[in-house]
Amino acid sequence: LFSENVPMVFNKQTFNIGGTSASTPMLAGVISLVNEKRFEKGKNAVGFINRALYHFMSNHSSGNQYPMFIDVYKGYSNTNQNCVGFAPTIGWEPVCGWGLPYFPGLVEFFVSLP
């Protein structure tokens, strides 16, 4: 998923948007595809995903059997001169959390749940 320069059409005009306004709807689409895979296995929708993700990730910070995120450890979060921001590091940090969602790993993890 990406969150910068995402094309959006409004009133027949295309604009580029960014941030969570762009990435959140994309992640919602990914989770709907995860649900589709669960339905194919006769399971219910995942519902509120945070509890399952935080529980799993807090117990499997390294050597994770389900690669659900691609770690982002380069770049910066300061977007202007008045903002100190954070530097991304290996593992969880305030800039990217666990990283970019990785669809095959998310599907494998959520389909493995009851």
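Residue 75 in the working numbering is what sits at position 75 of the sequence shown, and the numbering runs on without skipping anything.
Built from N, CA and C at the ideal position, the CB exists for glycine as well.
If you're wondering where the values come from, they're calculated on a predicted model, not measured in any experiment.
Suppose you measure from the CA of Gly-63 to the CA of Pro-88; what does that come to, to the nearest Å? Here the question's residue 63 lines up with position 63 in the sequence shown. Here the question's residue 88 lines up with position 88 in the sequence shown. Because the pLDDT of Gly-63 is 46, which lies under 50, any placement of that residue in the model is unreliable, and the number read from its coordinates should be weighed accordingly. Approximately 20 Å between the Cα atoms of the pair.
Return the CA-CA distance between Glu-93 and Ile-49, expressed in angstroms with no decimal places. Within the sequence shown, residue 93 is the residue found at index 93, counting from 1. Within the sequence shown, residue 49 is the residue found at index 49, counting from 1. About 19 Å.
Please list the segments of the alpha helix (DSSP H) lying wholly inside the stretch 13–100, counting only runs of 4 or more residues, in order along the chain. 20–40 and 50–59
Same chain only: Cβ atoms within 7 Å of Val-98, ignoring 5 sequence neighbours per side: Residue numbering aside, residue 98 sits at position 98 when the sequence shown is read from its first letter. Going by the sequence as given, residue 98 is Trp instead of Val. Once the five neighbours on either side are set aside, the close Cβ partners of Trp-98 are Met-57, Phe-69 and Trp-92.
Per DSSP, cross-strand counterpart(s) of Phe-10: Position 10 of the sequence shown holds residue 10. Phe-10 pairs with Gln-13.
Closest to Glu-108 by C-alpha separation, out of Glu-4, Val-6, Ala-28 and Glu-40, would be which residue? Along the sequence shown, read from residue 1 onward, the residue named residue 108 stands at position 108. Glu-108 has its Cα closest to that of Glu-40, out of Glu-4, Val-6, Ala-28 and Glu-40.
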